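Engineer: Letter by letter, the sequence shown follows residues 18 to 854 of my numbering.
The C-beta atom is built at its ideal place from N, Cα and C for all residues, glycine as well.
None of these values were measured; they are calculated from a predicted model.
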Amino acid sequence: MTGQLAHRRACLIAALLGAASIASIASAETTEAPTSAPGTANPEIWPAYTYPVPIRPEHEARIAALIARMTTEEKIGQLVQADLCCVTPDDVRKYKLGSILVGGNSGPNGNDLSPAPDWLKAADAFYLASVDRSDGGVGVPIIWGTDAVHGHSNIIGATIFPHNIGLGAMRDPALIERIGAVTAKEIRVTGQEWTFAPTVAVPRDFRWGRAYEGYSSDPDLVASYVGAMVRGLQGPPAGDNLLAGPYVIASTKHFLADGGTDKGVDQGDSSISETELRDIHGKPYGPAIAEGVSTVMVSFSSWQGVKMTGNHSLVTGVLKDRMDFGGFVVSDWNAHGQVAGCTNEVCPQALMVGVDMYMAPDTWKPIYEDLLARAKSGDVPMARIDEAVARILRVKARLGLFDAGKPSDRPYSGQYELLGAPEHRAVAREAVRKSLVLLKNQGVLPLAPGQRLLVAGDGADDIARQSGGWTLSWQGTGVDNSHFPGATSIWAGLQQAVTAGGGSAVLSPDGSYADKPDAAVVVFGETPYAEFQGDRAALVLDPELTAPYATMKRLQAEGIPVVAVMITGRPLYVNPALNAADAFVVAWLPGSEGAGIADVLVGDSAGQPRHDFAGKLPANWPRAAQMEDGILFPFGFGLDYAAPAGAWAALPELDANAVGGDSRTWFAAGNPAARWSLWVASGGGAELETRITTLPAEAFGGRVRVTAENYKVQEGARRFAVADGTVSVQLGNLDPVDIARETNGDVMLLVTMRVWDAPDAARIGAIGPGSEGFAAVTLPVSDGYVRYGLPLKCLRDAGADVASLTRPFVLETQGAADYAIAEVRIGSDAEQVLPCG
């Protein structure tokens with residue numbers, strides 16, 4: 018039965034194209050790589066499945082007829098996906114591209130916060146360009162993919178559901194299916210047809226910055242959700258003409274073991290055995306295939322040193338042949354560029370291992386041109402190209418795309434009242450209630466509605482923070498409550514519930530008050546992040562996020578019962594907060610419906626719970642900063658209102674400053690990161706250099722003076738007064754720093770600084786053992802601190818070997834200058850983006 022339907026599809030379309038093609042297409046479909054080398058799977062030990070989507074002769078005949086008429090240019094176009102940032106309808110018309118996507122920071126007209134009608138208008142424009150047959154082409158309609166990973170989260174006003182880690186706490190597959198159905202309907206409003214969801218990662222190390230995209234560390238729990246979400250998004254697997262109903266196509270990602278990389282490094286390597294690869298990370302793909310998932314996205318990551326996007330044994334041998342996946346395979350964002358022997362611009366290897374569509378967001382044109390040249394020269398077999406094109410067209414046919422007309426003419430399009438509709442928000446609010454996990458309750462919950470409530474903490478009235486990454490922007494940053502019409506913050510939900518019961522509520526982020534409250538809720542936790550920026554060195558909050566600990570201790574010392582509500586994308590060491598609170602609730606990243614928290618925390622007029630706690634931990638909770646240091650609460654733990662209060666033994670508390678949580682921060686609070694050093698050099702290099710260890714300091718005969726300035730904390734910045742000449746401030750590390758993977762996305766080198774006296778000229782760069790790359794920048798005088806961002810691509814393109822940097826940050830100035838540096842890190846939340854000079 019292995020690969021039976023896939024083989025039948027290949028044979029059917031080959032017969033329609035011509036008998037001579039049968040052998041070559043079947044060979045392209047089933048050829049397996051050797052199974053002895055590291056990183057090479059043995060497909061025969063994997064479970065075999067049967068893809069349930071019916072083979073429809075009318076679709077196959079149409080596909081065969083199209084392929085027979087398509088030029089090589091049109092075929093290659095179907096294999097390439099461009100990002101909205103870097104493509105126009107005219108490009109689609111000219112190059113016959115098969116797909117576009119919208120990245121986390123992209124949007125119509127260059128505005129990622131464009132209103133919903135602009136998205137539908139853009140969808141029409143790209144569709145009409147794709148079906149333009151004025152040049153004699155076949156005019157295959159384009160499909161538009163979007164990261165609707167917790168609702169239609171790129172769109173202002175849409176319903177934002179809890180992130181997957183919170184949904185994993187619910188243990189409710191039926192609700193997962195309803196969430197998928199709501200998400201699909203809202204996607205259809207703005208004209209898109211494809212979501213890059215669900216993420217079916219099984220995160221095993223929560224230092225990984227994308228861990229919240231996985232439902233659980235338990236593969237059985239993840240597998241129990243996958244089929245339900247796919248069914249909610251796509252409808253039943255036998256369904257056809259999905260666009261006639263409220264459906265979109267789904268994509269399970271990221272194949273394979275993106276949640277199993279060593280030390281939780283994003284895009285890293287997983288050195289586990291093939292048995293673990295199969296039984297842990299491969300397990301969710303069975304239910305996805307059983308529900309007829311239309312696409313699978315291949316991971317950036319590696320297994321035993323071999324990049325997944327270049328792994329024939331897994332992509333073709335396991336996924337397509339053994340698992341009988343009958344949809345098409347798409348790569349991740351420029352992931353092909355990390356395959357051995359490839360660059361972002363050139364990578365025929367990805368096609369040959371089984372990738373059908375290249376996600377080449379900003380490199381689509383060179384990828385297109387290289388594949389086209391290779392196709393015409395015979396370097397890439399036409400049989401493999403035809404097989405990939407057939408898979409893509411088959412999904413488009415099942416979607417009903419060929420006959421659906423432009424997006425604005427389809428069902429649900431333009432019905433903007435569906436975005437954040439009350440019935441949709443009710444589903445999200447239910448998910449919030451069911452996802453809450455109660456770790457501690459010393460009798461303070463439920464809160465009486467008629468009392469005087471103090472709501473404190475820096476996360477209490479911040480919808481962007483409670484929604485997390487992949488919300489309106491890639492990292493979830495740069496937005497505020499005004500960008501969430503119809504949504505409810507945690508504070509607003511608590512206020513509504515308490516005042517409705519005759520009580521009063523006061524919002525005071527620092528916990529101060531005029532009238533002593535009867536109880537306090539303190540909301541704290543992580544700030545938004547996504548891939549790259551979310552990676553951690555340890556499972557702790559950054560020190561600047563722990564100020565609410567002191568607030569809790571003070572309120573508790575004043576005899577005020579304290580309820581801690583934690584916003585987080587992962588389990589973290591928070592023992593001080595657990596000790597300081599009388600009750601502790603993990604809210605995860607609840608999304609737009611913060612009132613769901615009040616539904617559970619605030620009781621009825623009789624003091625009884627209106628809703629009980631139902632959430633259970635989707636992963637172990639750490640006792641200390643590293644999971645290997647022990648488990649505090651195990652997977653599946655979660656109290657309810659029936660649980661006795663019991664005695665609370667104080668937990669040991671660590672100094673969070675000493676363990677270092679953020680591996681992306683190189684300089685902060687006046688100090689370099691652990692094992693890093695701060696240098697001042699003369700002449701732009703290491704000819705003359707002074708290591709700065711104590712302040713004040715002088716270098717080069719007094720030509721440079723270094724002092725402390727306050728920024729956020731006392732002496733939180735370093736001020737450099739330069740008398741004249743060429744001088745550089747450098748951050749160095751004993752071990753070479755590899756930031757090559759960050760150059761694939763819109764990641765920047767962020768420098769927070771203030772300028773009193775602007776230099777004659779300046780440039781920012783990076784230096785490695787055998788390379789350097791600099792970009793000229795302008796640093797004007799500023800009244801306060803400005804967070805500048807230089808895209809890491811600038812350093813790479815200027816010649817820096819971004820995989821091996823010993824001085825990853827160099828700021829060189831010429832002439833007299835006076836400036837302070839407060840922070841240097843990698844991220845995406847620049848206040849001012851510097852051009853690649």
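Quick one: which unbroken alpha helix (DSSP H) runs of 4-plus residues sit fully inside the stretch 94-119? Chain order, please.
Structural biologist: Complete alpha helix (DSSP H) runs here, min 4: 106-112.
Engineer: Under the assumption that Gly244 contacts Pro304 (Cβ atoms under 8 Å), give the Cβ distance between them as a whole number of angstroms.
Structural biologist: As a working mapping, residue 244 is identified with position 227 in the sequence shown. As a working mapping, residue 304 is identified with position 287 in the sequence shown. Contact holds; Cβ gap of about 4 Å.
Engineer: May I ask which residues mark the beginning and end of the beta strand (DSSP E) holding Leu589?
Structural biologist: The residue labelled residue 589 in the question sits at position 572 within the sequence shown. It is not in any beta strand (DSSP E) - Leu589 carries neither H nor E in the DSSP assignment.
Engineer: Rounded to whole angstroms, what's the CA-CA distance from Asn128 to Thr585? Just pull it up for me.
Structural biologist: Position 111 of the sequence shown, counting from 1, holds the residue named residue 128. Position 568 of the sequence shown, counting from 1, holds the residue named residue 585. Between Asn128 and Thr585, the C-alpha separation is close to 28 Å.
Engineer: Mind checking whether Val617 and Ala600 have CB atoms under 8 Å apart?
Structural biologist: As a position in the sequence shown, residue 617 is number 600, starting the count at 1. As a position in the sequence shown, residue 600 is number 583, starting the count at 1. For Val617 and Ala600, no; Cβs fall outside 8 Å.
Engineer: Tell me, please, whether the CB atom of Tyr805 is closer than 8 Å to any CB atom in chain B?
Structural biologist: Absent here is chain B; the protein component of the structure consists of one chain.
Engineer: Excluding the five sequence neighbours on either side, which residues of its own chain have a C-beta within less than 7 Å of the C-beta of Ile159, listed in chain order?
Structural biologist: Taking the sequence shown and counting its residues from 1, the one referred to as residue 159 is at position 142. Closer than 7 Å at Cβ, skipping near neighbours: Val109, Leu114, Gly115, Ser116, Ile117, Phe143, Tyr144 and Ser147.
Engineer: Could you check if Cys364 is buried or exposed, using at least 16 other CB atoms within 10 Å of its CB as the buried criterion?
Structural biologist: One-based indexing of the sequence shown puts residue 364 at position 347. Under this definition Cys364 is a buried residue.
Engineer: Could you work out which residue in Pro635, Lys382, Ser821 and Asn592 is closest to Val454 when comparing CA atoms only?
Structural biologist: Counted from its first residue, the sequence shown places residue 454 at position 437. Comparing Cα-Cα distances from Val454 to each of Pro635, Lys382, Ser821 and Asn592, the minimum goes to Pro635.
Engineer: Look up Gln747 in the DSSP assignment and say whether it is helix, strand or coil.
Structural biologist: Position 730 of the sequence shown, counting from 1, holds the residue named residue 747. In the structure shown, Gln747 sits in a strand (DSSP, three-state: E or B).
Engineer: Would you mind reading off the limits of the beta strand (DSSP E) that contains Lys457?
Structural biologist: Locating residue 457 in the sequence shown gives position 440, where the first residue counts as 1. Per DSSP, Lys457 belongs to the beta strand (DSSP E) from Val454 to Asn458.
Engineer: Compute the beta-carbon to beta-carbon distance between Gly611 and Ser506, rounded to the nearest angstrom, for a pair I have assumed lies under 8 Å.
Structural biologist: In the sequence shown, the residue the question calls residue 611 occupies position 594. In the sequence shown, the residue the question calls residue 506 occupies position 489. Rounded, the Cβ-Cβ distance is 5 Å, consistent with contact.
Engineer: From which residue to which residue does the alpha helix (DSSP H) around Leu516 run?
Structural biologist: Position 499 of the sequence shown holds residue 516. With the sequence shown as reference, residue 516 is identified as Thr, and Leu is not the correct amino acid for it. Where Thr516 is concerned, the enclosing alpha helix (DSSP H) stretches over Ile507 to Ala517.
Engineer: Report yes or no: do three or more beta-carbon pairs, one from the stretch 469-483 and one from the stretch 628-646, lie closer than 8 Å?
Structural biologist: As far as the Cβ criterion goes, the stretch 469-483 does not touch the stretch 628-646, which means the pair count is below three.
Engineer: How far does the alpha helix (DSSP H) with Met246 in it reach, from first residue to last?
Structural biologist: What you label residue 246 is simply residue 229 of the sequence shown in a count that begins at 1. Where Met246 is concerned, the enclosing alpha helix (DSSP H) stretches over Pro236 to Gln251.
Engineer: Alpha carbon to alpha carbon, what distance is there between Trp605 and Asn637?
Structural biologist: Mapped onto the sequence shown, residue 637 falls at position 620. Mapped onto the sequence shown, residue 605 falls at position 588. Cα to Cα, Asn637 sits roughly 14 Å from Trp605.
Engineer: Any idea which residues DSSP pairs Pro639 with across the strands?
Structural biologist: In the sequence shown, residue 639 corresponds to position 622, counting from 1. Paired residue(s): Ile648.
Engineer: Quick check on this structure: which residue in Leu751, Leu766 and Tyr530 has the alpha carbon closest to the alpha carbon of Ala757?
Structural biologist: Here residue 757 is taken as the residue at index 740 of the sequence shown, counted from 1. With distances taken between Cα atoms, Ala757 lies closest to Leu766.
Engineer: Helix, strand or coil for Gln366? Go by DSSP, reduced to three states.
Structural biologist: Counting from one through the sequence shown, the residue named residue 366 turns up at place 349. Reduced to three states, the DSSP call for Gln366 is helix.
Engineer: Mapping DSSP to helix, strand and coil, what is Ile84?
Structural biologist: Residue numbering aside, residue 84 sits at position 67 when the sequence shown is read from its first letter. Reduced to three states, the DSSP call for Ile84 is helix.
Engineer: Taking the alpha helix (DSSP H) that Pro134 falls in, what are its first and last residues?
Structural biologist: As a working mapping, residue 134 is identified with position 117 in the sequence shown. Ala133 to Ser147 is the extent of the alpha helix (DSSP H) around Pro134.
Engineer: Mapping the DSSP letters down to three states, classify Ser484 as helix, strand or coil.
Structural biologist: Here the question's residue 484 lines up with position 467 in the sequence shown. In this structure, Ser484 counts as helix in the three-state DSSP scheme.
Engineer: Would you mind reading off the limits of the beta strand (DSSP E) that contains Asp835?
Structural biologist: As a first step, residue 835 is located in the sequence shown; it is residue number 818 there, counting from the start. Per DSSP, Asp835 belongs to the beta strand (DSSP E) from Ala834 to Gly844.
Engineer: Where DSSP assigns a beta bridge to Thr312, which residues make up the other side?
Structural biologist: Counting from 1 along the sequence shown, the entry for residue 312 is found at position 295. Its beta-bridge partners are Ser268 and Phe345.
Engineer: Compute the beta-carbon to beta-carbon distance between Asn596 and Glu670, rounded to the nearest angstrom, for a pair I have assumed lies under 8 Å.
Structural biologist: By one-based count along the sequence shown, residue 596 stands at place 579. By one-based count along the sequence shown, residue 670 stands at place 653. So it is a contact: roughly 7 Å between Cβ atoms.
Engineer: Can you round the beta-carbon distance between Ala65 and Arg408 to whole angstroms, since I take them to be within the 8 Å contact cut?
Structural biologist: The residue you call residue 65 lines up with position 48 of the sequence shown. The residue you call residue 408 lines up with position 391 of the sequence shown. Between Arg408 and Ala65 the Cβ distance is about 19 Å, and since that is not below 8 Å, they are no contact.
Engineer: Note the first and the last residue of the continuous alpha helix (DSSP H) segment covering Gln573.
Structural biologist: In the sequence shown, residue 573 corresponds to position 556, counting from 1. It spans Ala564 to Ala574 - the alpha helix (DSSP H) in which Gln573 sits, taken as one unbroken run.
Engineer: Tell me the DSSP bridge mates of Phe826?
Structural biologist: Residue numbering aside, residue 826 sits at position 809 when the sequence shown is read from its first letter. Note: Phe826 sits in a beta bridge opposite Leu748.
Engineer: Can you tell me where the alpha helix (DSSP H) with Ala612 in it begins and where it stops?
Structural biologist: Counted from its first residue, the sequence shown places residue 612 at position 595. It spans Ala612 to Leu618 - the alpha helix (DSSP H) in which Ala612 sits, taken as one unbroken run.
Engineer: Could you tell me if Ala839 is buried or exposed, where buried requires 16 or more neighbouring beta carbons within 10 angstroms of its beta carbon?
Structural biologist: One-based indexing of the sequence shown puts residue 839 at position 822. Its Cβ being crowded by 16 or more others within 10 Å, Ala839 is buried.
Engineer: Whose C-alpha, out of Met569, Pro578, Ser316 and Asn258, is nearest the C-alpha of Gly422?
Structural biologist: Along the sequence shown, one-based indexing puts residue 422 at 405. Out of Met569, Pro578, Ser316 and Asn258, Asn258 has the C-alpha closest to the C-alpha of Gly422.
Engineer: Compute the Euclidean distance between the alpha carbons of Arg450 and Tyr658, then round it to the nearest angstrom.
Structural biologist: The count along the sequence shown starts at 1 and reaches residue 450 at position 433. The count along the sequence shown starts at 1 and reaches residue 658 at position 641. Their backbone Cα atoms lie some 14 Å apart in a straight line.
Engineer: When you compare the CB positions of Phe826 and Trp683, do they come within less than 8 Å of one another, or not?
Structural biologist: As a working note, residue 826 is residue 809 in the sequence shown. As a working note, residue 683 is residue 666 in the sequence shown. Cβ atoms of Phe826 and Trp683: closer than 8 Å.
Engineer: Hey, quick one: how far does the beta strand (DSSP E) through Val865 stretch, first residue to last?
Structural biologist: Since the first residue shown for the chain is 18 and the last is 854, residue 865 is missing from the structure and cannot be characterised.
Engineer: Would you give the residue range spanned by the alpha helix (DSSP H) that Val199 belongs to?
Structural biologist: By 1-based counting over the sequence shown, the position of residue 199 is 182. Val199 -> alpha helix (DSSP H) spans Pro190 to Val206.
Engineer: From Leu96 to Lys202, what distance separates their C-alpha atoms?
Structural biologist: Residue 96 sits at position 79 when you count from the first residue of the sequence shown. Residue 202 sits at position 185 when you count from the first residue of the sequence shown. Going by the C-alpha atoms only, they are around 27 Å apart.
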